[in-house]
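Report on one structure; see the data block that follows.
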Amino acid sequence: MDFISILSIFVLACFVGYFVVWGVTPALHTPLMAVTNAISSVIIVGALIAAAAAGVPGAKWLGLLAVVLASVNIFGGFAVTARMLAMYKKKERR
Amino acid sequence: MHESAAVPAWALISYLVSGVCFIVALRGLSSPESAQRGNRFGIAGMVLAVVTTLAVHLPVAHDMVCTYVPVNGQACQSLPDGGHGIDGPAILEILIAIGIGAAIGLDTARRIAMTAMPQLVAAFHSLVGMAAVLVAAAAYLNPDAFGIATGGIIHRVSRVEMGLGAAIGAITFSGSVIAFLKLNGNMSGKPILLPGRHVINLGTLAAILGLIAYFTTDQSGWVFFTAAGLSFLIGFLLIVPIGGADMPVVVSMLNSYSGWAAAAMGFTLHNTAMIVTGALVGSSGAILSYIMCRAMNRSFISVIAGGFGGDAAAAGGGAAIDRPWKRGSAEDAAFLMSQAEQVIIVPGYGMAVAQAQHALREMGDILKKEGVTVKYAIHPVAGRMPGHMNVLLAEANVPYDEVFELEDINSEFARTDVAFVIGANDVTNPAAKTDKSSPIYGMPVLDVEKAKTVLFVKRSMGGVGYAGVDNELFYRDNTMMLLADAKKMVEEIVKALG
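Which chain is which? The protein sequence lines are A and B, in order. Per the numbering used here, residue -5 is the first one in the first sequence, and the count goes up by one each step. Per the numbering used here, residue 1042 is the first one in the second sequence, and the count goes up by one each step.
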């Protein structure tokens, strides 16, 4: 992919983000932050590439450390979001 | 011709699908009913991204796995990993790293108190920031693995991208650490003002940008690592002068930065999932910062410039305390509320600090049984982060359809018998609407004074809110002050009602 196609994806994704996030109900803004935090840990992709590559030991260890940090976020972020969302209940109608 | 072109087409599609999953995940948060499904989409997207990456970059001879697989549906979703030439120990190391992270993350998520959610989110942001710095550094040290170099020379565009990724990541890291320390109480919430800080900050920022620009002509290590080091420094300098009351904006802003850091690394890796995610998270944090600033009627620039909540508190502290006011008892409050048709409860962070939310819900339940309509009114900055109060009420089993946002409920106060303000102060201050000299003038507030009676739970008459202004609501004829610890007072009201 060349730089321009990547930039196009990025700009369009910003617009998607803008509209999707305005659609989030304010009551769920805290779970929104927790889940955006979890998905921004997709940076683990870069960490895995570094950790899997042979040749430069320094880069590999930095990668492994980044895998640990990103994993804390991924598991912690999704779990805490799930925990919060499970608490939101509707009025019981009798 | 570069190695990045060797990422097979199925993997590119699979990263795209992963990005779409993240969009669907955020879309799910438009209502509490679809939110849990949304979260599962997020998890699916992440699993897909990780599995794809591991499949493509298995520590193995490249000819086996990733040479131009034709796009034929999902045929290559899971590549056989039992083949020859796989570097077993390297895979084990990665799995152990994931396992360590999973154990820490899951344990933290299970144990964290909902009141501590802002600290937790700040801590998590710092990890994303640090991960971005580490990935950028790894890409710098081993550019061939990332397919961003030809013959040891890193492509110029990639140098800018990794420089920016490292810089934003470093700012996110050190800024989030400071935000965490302030929110967690390890560091005073008071703004710390260095002399000439604006000059220092702008100078540091200019130096970072200059170094990244120079990095395109000289890929020496000192350029990259000095830029990263200065970025750690400026993240620290930027957040230290910002007061505790502005932390909701700061946490949102750092949320945004963590997204931009991921996006910058996505540019380096030509990875759609990272770019889409970065854009989503970046805009999400930016929008939340905007909402928080608007709710406080402050410009983003003035928040970032810092200093709010320190000097102002000292200046406005000793305002007219001697005016007459009415004091009520728990029994008075119980009587007034049981006779009411509608009660609106206005919780603030003080309620959360006193851990009064469960007692409050019990009070609401009793009133509902007696035929009183009970609603909750939430100001956007009622908690320490966007939507914090909603989570705290949800935790106390308050149904979310009884909880209303400011603009949805403000017109109802005029038709309400009792407004019950607990642990909130500035967000109810009518001076924001009338007094042009007030520091909070122009801030949207809840019109509680329009209710027939206002019950105001407060520890004592002395203290003022975060903005450091006196609240004239205390002295109005229709206000009754309930002076006690929030939790104790609510428990006494529950007793008096029962």
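Note that CB positions come from ideal geometry on N, CA and C, so glycine has one too. The model shown is predicted, which means the values in this text are computed figures rather than measured ones.
So, helix, strand or coil for residue i, using DSSP?
i                  : result
GLN1398 of chain B : helix
VAL1092 of chain B : helix
THR1257 of chain B : coil
LEU1222 of chain B : helix
LEU1070 of chain B : coil
ALA1460 of chain B : strand
PHE1187 of chain B : coil
GLN1160 of chain B : helix
MET1228 of chain B : coil
PRO1130 of chain B : helix
TYR1056 of chain B : helix
GLN1077 of chain B : helix
THR1108 of chain B : With a pLDDT of only 38 at THR1108 of chain B, under the threshold of 50, the placement of this residue in the model should not be trusted; the figure read from the coordinates follows. It is coil, neither helix nor strand.
THR1520 of chain B : strand
GLU1446 of chain B : strand
PRO51 of chain A   : helix
ALA1375 of chain B : helix
ALA1050 of chain B : helix
LEU1496 of chain B : strand
PRO1471 of chain B : coil
ARG1425 of chain B : coil
On the premise that residue j lies in contact with residue i, defined as a C-beta separation below 8 Å, what is that separation, rounded to the nearest angstrom?
i                  : j                  : result
MET1530 of chain B : ALA1371 of chain B : 6 Å
PHE1497 of chain B : VAL1535 of chain B : At roughly 18 Å, the Cβ-Cβ gap does not stay under 8 Å, so PHE1497 of chain B and VAL1535 of chain B are not in contact.
ILE1253 of chain B : LEU1175 of chain B : Between LEU1175 of chain B and ILE1253 of chain B the Cβ distance is about 18 Å, and since that is not below 8 Å, they are no contact.
VAL1322 of chain B : THR30 of chain A   : 4 Å
GLY1391 of chain B : GLY1464 of chain B : 3 Å
GLY70 of chain A   : LEU1089 of chain B : Incorrect: roughly 20 Å between the Cβ atoms, too far for contact.
ALA1164 of chain B : PHE1221 of chain B : 5 Å
Rounding to the nearest angstrom, what Cα-Cα distance links residue i and residue j in this structure?
i                  : j                  : result
CYS1062 of chain B : ALA1435 of chain B : 26 Å
ARG1517 of chain B : ASP1511 of chain B : 13 Å
ILE1141 of chain B : VAL1468 of chain B : 43 Å
ILE1145 of chain B : ALA41 of chain A   : 18 Å
ALA1003 of chain B : ALA1395 of chain B : There is no way to answer for residue 1003 of chain B, as the model of chain B reaches only from 1042 to 1539.
ALA1369 of chain B : ALA21 of chain A   : The amino acid at residue 1369 of chain B is misidentified as Ala; the sequence shows Gly. Those two C-alpha atoms are separated by around 32 Å.
VAL1415 of chain B : ILE1212 of chain B : 44 Å
ALA1178 of chain B : VAL50 of chain A   : 12 Å
GLN1118 of chain B : VAL1058 of chain B : Note that GLN1118 of chain B has pLDDT 38, beneath the 50 cutoff, so the model's placement of it is unreliable and no number is given.
ASN1312 of chain B : VAL1091 of chain B : 12 Å
ALA1397 of chain B : ILE1407 of chain B : 16 Å
VAL1486 of chain B : LEU1514 of chain B : 12 Å
ALA44 of chain A   : ASP1488 of chain B : 56 Å
VAL1413 of chain B : VAL1384 of chain B : 7 Å
TYR1298 of chain B : PHE1445 of chain B : 30 Å
VAL61 of chain A   : MET1484 of chain B : 43 Å
GLU1532 of chain B : LEU1310 of chain B : 57 Å
LYS89 of chain A   : LEU1070 of chain B : Residue numbering for chain A in the displayed model covers -5 to 88; residue 89 of chain A lies beyond these limits and cannot be assessed.
ALA1208 of chain B : LYS1409 of chain B : 54 Å
PHE9 of chain A    : SER1324 of chain B : 8 Å
GLY1129 of chain B : GLU86 of chain A   : 54 Å
VAL15 of chain A   : ILE37 of chain A   : 21 Å
Relative to the C-alpha of residue i, which residue among the options is closest?
i                  : options                                    : result
SER65 of chain A   : B:ALA1157, B:MET1171, B:TRP1301            : B:MET1171
PRO1289 of chain B : A:TYR12, A:THR24, A:THR19, A:ILE3          : A:THR24
VAL1218 of chain B : B:PRO1159, B:ILE1195, B:LEU1250            : B:PRO1159
MET1337 of chain B : B:VAL1489, B:GLU1403, B:ILE1481            : B:ILE1481
GLY1284 of chain B : B:PHE1308, B:MET1087, B:LEU1234, B:VAL1394 : B:LEU1234
LEU1377 of chain B : B:LEU1278, B:ILE1135, B:ALA1460, B:SER1501 : B:ALA1460
MET1426 of chain B : B:PHE1082, B:TYR1331, B:VAL1240            : B:TYR1331
GLY1244 of chain B : B:MET1430, B:LYS1223, B:LEU1278            : B:LEU1278
LEU76 of chain A   : B:GLY1237, B:VAL1439, B:GLU1074            : Strictly speaking, residue 76 of chain A in this sequence is Ala, with Leu absent from that position. Nearest option by C-alpha distance: B:GLU1074.
HIS1420 of chain B : B:LEU1447, B:ASP1406, B:MET1502, B:ALA1397 : B:LEU1447
LEU1433 of chain B : B:MET1404, B:ALA1393, B:ALA1418, B:LEU1401 : B:ALA1393
LEU1133 of chain B : A:LEU58, A:ALA80, A:LEU63, A:LYS85         : A:LEU58
GLU1403 of chain B : B:ALA1423, B:ALA1375, B:GLY1424            : B:ALA1375
GLY1262 of chain B : B:PRO1388, B:ASN1183, B:SER1379            : B:ASN1183
VAL1240 of chain B : B:ALA1346, B:ALA1066, B:HIS1196            : B:ALA1346
ARG1078 of chain B : A:SER(-1), A:GLY52, A:ALA60, A:LEU79       : A:LEU79
ARG1500 of chain B : B:ALA1525, B:LEU1401, B:PRO1232, B:PHE1256 : B:ALA1525
GLU1490 of chain B : B:ASN1466, B:THR1093, B:THR1520            : B:THR1520
VAL74 of chain A   : B:ILE1386, B:THR1156, B:ILE1137            : B:THR1156
VAL1291 of chain B : B:ILE1316, B:LEU1329, B:ALA1320, B:THR1318 : B:LEU1329
ASN1431 of chain B : A:LEU6, A:THR19, A:LEU1, A:VAL36           : A:THR19
ILE1139 of chain B : B:ALA1163, B:LEU1095, B:THR1257            : B:LEU1095
Taking C-beta pairs closer than 8 Å, name the residues in chain C that residue i reaches, listed in chain order.
i                  : result
GLN1077 of chain B : Absent from the structure is chain C; the protein chains it does hold are A and B.
Is any heavy atom of the ligand NAD found at a distance shorter than 8 Å from the C-beta of residue i?
i                  : result
GLY1412 of chain B : As far as ligands go, the structure on display features none, and thus does not contain the ligand NAD.
The segment 1272 to 1281 of chain B in contact with the segment 1188 to 1197 of chain B per 3-pair CB rule at 8 Å: Segments in contact, no.
Inter-stretch contact (C-beta, 8 Å, three-pair minimum) for the segment 1447 to 1456 of chain B and the segment 1046 to 1060 of chain B: Segments in contact, no.
Touching by the beta-carbon criterion (3+ pairs, under 8 Å), the segment 1297 to 1317 of chain B and the segment 1260 to 1269 of chain B: Not touching, per the Cβ criterion.
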